[in-house]
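Asker:
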Amino acid sequence: MFSSFLKPKAIMEKSLTELNKAGCHSTSSLPPEPVDIIRNKSCFRRVRLNVGGLPHEVLWRTLDRLPRTRLGKLRDCNTHESLMEVCDDFNLEENEYFFDRHPGAFTSILNFYRTGKLHMMEEMCALSFSQELDYWGIDEIYLESCCQARYHQKKEQMNEELKREADNLKDREGDEFDNTCCTEKRKKLWDLLEKPSSSVAAKVLAIISILFIVLSTIALSLNTLPELQDTDEFGQSSDNPQLAHVEAICIAWFTMEYLLRFLSSPNKWKFFKGPLNVIDLLAILPYYVTIFLTESNKSVLQFQNVRRVVQIFRIMRILRILKLARHSTGLQSLGFTLRRSYNELGLLILFLAMGIMIFSSLVFFAEKDEEDTKFKSIPASFWWATITMTTVGYGDIYPKTLLGKIVGGLCCIAGVLVIALPIPIIVNNFSEFYKEQKRQEKALKRREALDRAKRNGSIVSMNLKEAFARSAELMDVVVEKNERPHDNHLSPSRWKWTPKRAPSEASSNRSFNVQELGSSNNARATSPQGLNVQKLEEIYNQMAKTQSQPNLNAKDRGYRVCKQRDEIELGTIPDHRPVLGTREGVGDMKSLSSIDSYISCATDFQENPRLPCSPAIDLGLQESNRFCHSPATTMSQHNSAKTAQQSPVELVPMLTPVSITKPSYSETARKFFFSGNSSKSLIPKGACHSEVESGLSPLSDSSVTSDHSLLSPEVSVYTTASSRTPPKSPENPSLAPTVFTFHDSSISKYIDADTDDDEHIRDISDASPSDHLLAGSSPKCSITINYQKGTNHLEAAQKMLGQTCLFPLEGIRGVAHENHVGPELGRRPKVERGRQNT
Amino acid sequence: MWTTPKPNYRPGLVSEGEISVNIGGVRVVLFGDILRRYPESRLAELLNCSTQNDEVISSLCDDFDPNRKEFYFDRDPDAFKCIIDVYYFDEVHIRHGICPICFIKEMEFWKIDQSVLDECCKSYLNEKEDELKEISNKVNIILEDLEVDQCVTRAQRCQRFLWKLMEKPGSSLTARIIAIASFSFILVSAVVMCVGTIPELQVTDAEGKLVEHPTLEAIETSCMLWFTAEYLLRLSSSPNKIRFALSFMNVIDFMAIMPFYVVLSLTYLGTTSMMELANVQQAVQALRIMRIARIFKLARHSSGLQTLTYALKRSLKELGLLLMYMGVGIFVFSALAYTMEQSHPDTLFRSIPQSFWWAIITMTTVGYGDIYPKTTLGKCNAAVSFLCGVIAIALPIHPIINNFVVFYNKQKVLETAAKHEVELMELKSGSEARRKSKN
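First to last, the protein sequences are chains A and B. Quick note: the first sequence uses our numbering, first residue 1, plus one each step. Quick note: the second sequence uses our numbering, first residue 1001, plus one each step.
#1: Could one say the Cβ of His1420/B lies closer than 9 Å to chain A's Cβ atoms, at least one of them?
#2: Going straight from the alpha carbon of Trp136/A to that of Thr69/A, what length do you get?
#3: Rounded to a whole number of angstroms, what is the C-alpha to C-alpha distance between Pro226/A and Asn240/A?
#4: Kindly identify the DSSP beta-bridge partner or partners of Val1192/B.
#5: Between the alpha carbons of Thr1376/B and Val416/A, how many angstroms are there, rounded?
#6: Starting from Leu49/A, trace the beta strand (DSSP E) in both directions and tell me its first and last residue.
#7: Within 9 Å of any Cβ in chain A, is that where the Cβ of Ser1429/B sits?
#8: Alpha carbon to alpha carbon, how far is Ile1034/B from Leu92/A?
#9: Going by DSSP in three states, Asp1065/B sits in which element: helix, strand or coil?
#10: Ordered along the chain, which non-local residues of its own chain (more than five positions away) have a Cβ less than 6 Å from that of Arg524/A?
#11: Using the Cβ count rule (16 or more neighbours within 10 Å means buried), how would you classify Glu1092/B?
#12: Determine the burial state of Ala1256/B: buried for a count of at least 16 other Cβ atoms within 10 Å of its Cβ, exposed for fewer.
#13: Chain B partners of Arg45/A, CB-CB under 8 Å?
#14: Using CA atoms only, rank isn't needed, just tell me which of Ala126/A, Asn168/A, Ser145/A and Glu132/A is closest to Glu156/A.
#15: Beta carbon of Asp1074/B, beta carbon of Arg114/A: below 9 Å?
#16: Applying a beta-carbon distance threshold of less than 8 Å, which residues of chain A neighbour Val1096/B?
#17: Run down chain B in chain order and give the residues with a C-beta less than 9 Å from the C-beta of Pro275/A.
#18: Alpha carbon to alpha carbon, how far is Asp1253/B from Tyr287/A?
#19: Comparing alpha-carbon positions, which option in Tyr1124/B, Tyr1087/B and Asp1078/B lies nearest Glu1106/B?
#20: What would DSSP say about Tyr665/A, mapped onto helix, strand or coil?
#21: Please list the residues of the region 133–152 of chain A that have a C-beta atom closer than 9 Å to any C-beta atom in chain B, keeping them in chain order.
#22: Counting contacts by CB-CB distance shorter than 9 Å, is Thr388/A in contact with chain B?
#23: List, in chain order, every chain B residue whose beta-carbon is nearer than 7 Å to that of Pro424/A.
#24: Using only the alpha-carbon positions, how far apart do Ala219/A and Ser197/A sit?
#25: Are the C-beta atoms of Arg439/A and some chain B residue less than 9 Å apart?
#26: Any Cβ of chain A within less than 9 Å of the Cβ of Thr1364/B?
#27: Across the region 352–364 of chain A and the region 380–390 of chain A, are there enough close Cβ pairs to call them in contact, namely three or more that are closer than 8 Å?
#28: So which residues on chain B does Cys866/A lean against when the C-beta distance must stay under 8 Å?
#29: Can you pull the chain B neighbours of Met354/A, defined as C-beta to C-beta under 7 Å?
#30: Should Pro275/A be labelled buried (16 or more other beta-carbon atoms within 10 Å of its own) or exposed?
#31: Beta carbons nearer than 7 Å to chain B: which residues of the region 311–343 of chain A have them?
#32: From what residue to what residue does the beta strand (DSSP E) around His1344/B run?
#33: When burial is assigned at 16 or more other CB atoms within 10 Å of the CB, is Val1139/B buried or exposed?
#34: Might you give, ordered along the chain, the residues of its own chain that have their beta carbon closer than 6 Å to the beta carbon of Gln437/A, omitting 5 neighbours on each side?
#35: Just by C-beta distance, which residues in the region 1188–1199 of chain B are closer than 9 Å to chain A?
#36: Could you spell out the range, first to last residue, of the beta strand (DSSP E) harbouring Val1029/B?
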């Protein structure tokens, strides 16, 4: 690694003064002069490239072979700025250039310079390799044929999958309703009819619809039973009147369903074109056409002709069984598979056709001289060949001569072979798609969140796949957890704070998530997936209008802010202790989520002053014990949404953890509280109790003492309690280690999350003034200091951030100059910088 | 083996008898004694000449640091770590993830013989090399098509033009149209052959016999003329006549055409009473079966069919296995069925050869129902034979299917690879041309 990164600040400064002309570069030192750079370059024949921590050494001359690539440009760059454009960091002293990229891929790329042959590491993901190639400025066409085949195959596969995913997302995005009349109602109706998993009512509706389909098909087949048929005035058999009623009811239902769908659809033409809707229409239309024809042609003469037409339309009624496809993933994947493997299907049919042709003519020549033969011509023996090749074997035609029997035997075996050959390819297609479909269905809940994020543009499109897959996995766990209702009770009250503070889209994203998950406990929404983003946004907008005037004097506000900070600190930090204790299975995710919460706590500090008024928040805190839609939450989310627009840059890394944060958090919180109540371990139970005794809320009183299932009041009591009573010292020892432990994993997680974008680490650390933080002193002591101060808690939060940033020592100064008004000012330039970075 | 010292990945000064090398940033200190085990290798040469003049050294390595006595090589350090094993273990394994072709190049650089490569990695290498060979074959074919005519004489140019027209449907629009026309002629002739046998469409000739409808006959003749013209054009334009005549597709073509002319000549002979008319008619009948061959002509136009033939050719062994299983099963079960059914008075199993047919139909689960067992024992035997038949077919069929799928997928990959290779060549030649023009 680059030594300058790790050196403590003091040493670095010292070394800087010593080597001031050498131009050892770091973000804090002066850029070296072009002269130095040129001189330095001419001194060495070789150059050291540090890519993601792996050192490489290469001749300058080798790099010159491809002058237009990134490494080739490195040679020509003579100014500090241009060098920084090409690489992420450099050290002239050591003649070393740092690139924050995947080291694995770089080996093969460097070999390209050396040997002129571009090979690909076997275990590399093709997509990520192509990204690397893009970064280094090498065209993928240079890949050698031995690796190229694999690369393209994988990449095509990936692209196909990505495209499908994007299509899916777009489909969902397409549900965007324009603001014409009664948007909200239409949206509700659309959800009800099109998304069976969105609510109980929708599910019931879907089941009813399935029942109607089954009923109508049964009625259709029963209709043809001679015993159940009536005879009409012409002596022809006609429909049973009871069954005709059933049919009419079913058709009425289908028609109603179709019309409602059509009315509520956001895009009428797209709806009309959709294959499932075409099927629906085809299932309904024959009935009406039949009625129209029979009613308009009453006369006997025309009747026979009409009857024939009507019979044809009756056959079309069979199409309604295809309506089931809407409710079955399996049928949809079958349709997709057939569409995708038409090549192989064509092959299958071609094989069969050829086999039939050959064997039927062979058997014809073998059998035609036989007495009373049924193989009268080649077309007549087609039937025999088909039935034999598919091994059905009705036995209505069979060869009788010895030659015919030999041909027949060969035909059987050839049929088995020919049918079996192309089928595995089709099966493969099917199973692939089916697996994918299953996974997508599982991740449906999380998809909404991602969808949202994508619209905001916070996901780099290249990253989509990775982020998607990872969050999908995490989401599966989350979804399972959400089954437990009391988890959700907890979350809204505690979590409404964090979203508000995150200066990014991720936070807005998360806030929706919170809202969504929380709302599942409300009477209205039933499943976590049923988040009404649209509605929420409206509420936010309203809130913004009413409360957008910052009507507060700075001091009071600052004080309040501190209080909130205090609450959050206490709320979040102790929660991680149980995580450490019970680190099994989901432990990783928890630490991740905790980080996320910490980061958001820390970074959004700047946001606080812009909150309209903190009393509202306080109020909201208590209120939200019972309601998720408290003003405080909505307002906070509005704020975060706002900030999201301002700073779209630094967002990406937060995205993946977003979906998991809340549930795991609540989970840990729950654990914590159980332990706190029962085992009386390290938890500041005293604080909790004291508050309860002070009679803050009657609800909390009961919950602490007895009710374990209703956890949310407890938590909120705890947080509010801590805001008033400064925590006692026994708590601190327990706090410090927790802070430390997730520290490492958090950093690595972060780096993991955005290996693609080298700007991120810097962005995060720059994101707030808090990157000049007090990391020099041990976190433990900083906490104690903060807590003794009582009011000034923001440092504690910033300390968390300080740990994630790369120049921790600078933090000491930060403590001094940090105040509650300043951050607002400090924030603006940062946003500007973020824009420049993009 | 393990007692030999491992390579020393430490920077630092070298002591006597040691050599310090820097391979793309990775520093290794190696013992001279060990390097001398392969005296022709690059490192050993370096050791021997390290005391000599600079020129030799610079010819062997990329850079030399006299202060640290360190030789720098601008090579892949990962591959080197594998290759260095040869000095210690006398064998080299390709590390998983490194492309074997690339690895071989590295071995060549270090002047290590390929024979030290271990067997397990060799097979992998061979696989890759085969693939490359196939790709290069395809590339050659494409390049041939793209090649600008260099034929001097006009006749040669004509021949070449014709060849492209007939054999490469992708080369031009006319060639494509000809391919489509040929395809539709095959279809039409196949349909005509089938329709011609329908008794309702046949007419009685002078002797009261049913013969084909004159219009169908006319269509048949025109198709035949087309096929003949096509074949002759191909033959005349082919660069190598013998190879052309013996290739599989062209044999099929010939078989499809030949019966028509044989029949024509025979009838001519018959009418001129040089041969017995009955004999002629018998021969004509026999030759009509040969018409079926024209269906195989479709294979020329479908890569899927070619894949099928290739897969079947590749899995001849498995096909033999399948037939053997079936044969054994047929013998066993028909004999069993025959003996068991003897007790029944009006049995359908009159002899063992006759019950062969039943056994085939049962084992392939076709079951026409023309012969079926009537005794209880016979029915049990039938059930067992049916089960055995399913297994006997399913087991050997799997490798055949596997061959087919693998080949089918490989075909796709190779096609894209070849296309890419051509693109790459164009790119390289283009950049070379640019460089030349610059100079």
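The beta carbon of each residue, even a glycine, is placed where N, CA and C say it ideally should be. Remember, it's a predicted structure, so these values are computed and weren't measured experimentally.
Answerer: Quick answer:
#1: Interface residue, yes.
#2: 6 Å
#3: 10 Å
#4: Answer by DSSP bridge pairing: none, since Val1192/B is not bridged.
#5: 29 Å
#6: Unbroken beta strand (DSSP E) run through Leu49/A: Arg46 to Val51.
#7: Not an interface residue.
#8: Approximately 38 Å between the Cα atoms of the pair.
#9: strand
#10: In this prediction, Arg524/A has a pLDDT of 41, which is less than 50 and means its spatial position is unreliable; what the coordinates show is noted afterwards. Cβ within range, chain order: n/a, list empty.
#11: According to the sequence provided, residue 1092/B is Val. The question's Glu does not apply to it. By the neighbour-count rule (16 or more Cβ atoms within 10 Å), Val1092/B is buried.
#12: buried
#13: Against chain B, a Cβ distance below 8 Å from Arg45/A picks out Asp1063.
#14: Ala126/A
#15: yes
#16: The question names Val, but residue 1096/B in the sequence shown is His. In chain order: Glu122 and Glu123.
#17: By Cβ distance, chain B contributes nothing, its closest Cβ being about 27 Å from Pro275/A, past 9 Å.
#18: C-alpha separation (whole angstroms): 55 Å.
#19: Asp1078/B
#20: At Tyr665/A, the pLDDT of 42 sits below 50, so the modelled position is not reliable and the matter cannot be decided from this model.
#21: Asp139, Ile141, Tyr142, Leu143, Glu144, Ser145, Cys146, Cys147, Gln148, Ala149, Arg150 and His152
#22: Residue-level contact by beta carbon holds for Thr388/A and chain B, with a gap shorter than 9 Å.
#23: Ile1401 and Val1405
#24: 29 Å
#25: no
#26: For Thr1364/B, the answer is yes, since a Cβ of chain A falls inside 9 Å of its Cβ.
#27: yes
#28: The requested residue 866/A is not part of the displayed model; chain A covers only 1 to 838.
#29: Ile1295 and Leu1298
#30: exposed
#31: none
#32: From DSSP, His1344/B is part of no beta strand (DSSP E); its letter is neither H nor E.
#33: Under this definition Val1139/B is a buried residue.
#34: Thr329 and Ser333
#35: Ala1190, Met1193, Cys1194, Val1195, Gly1196, Thr1197, Ile1198 and Pro1199
#36: Start and end: Val1026 to Phe1031.
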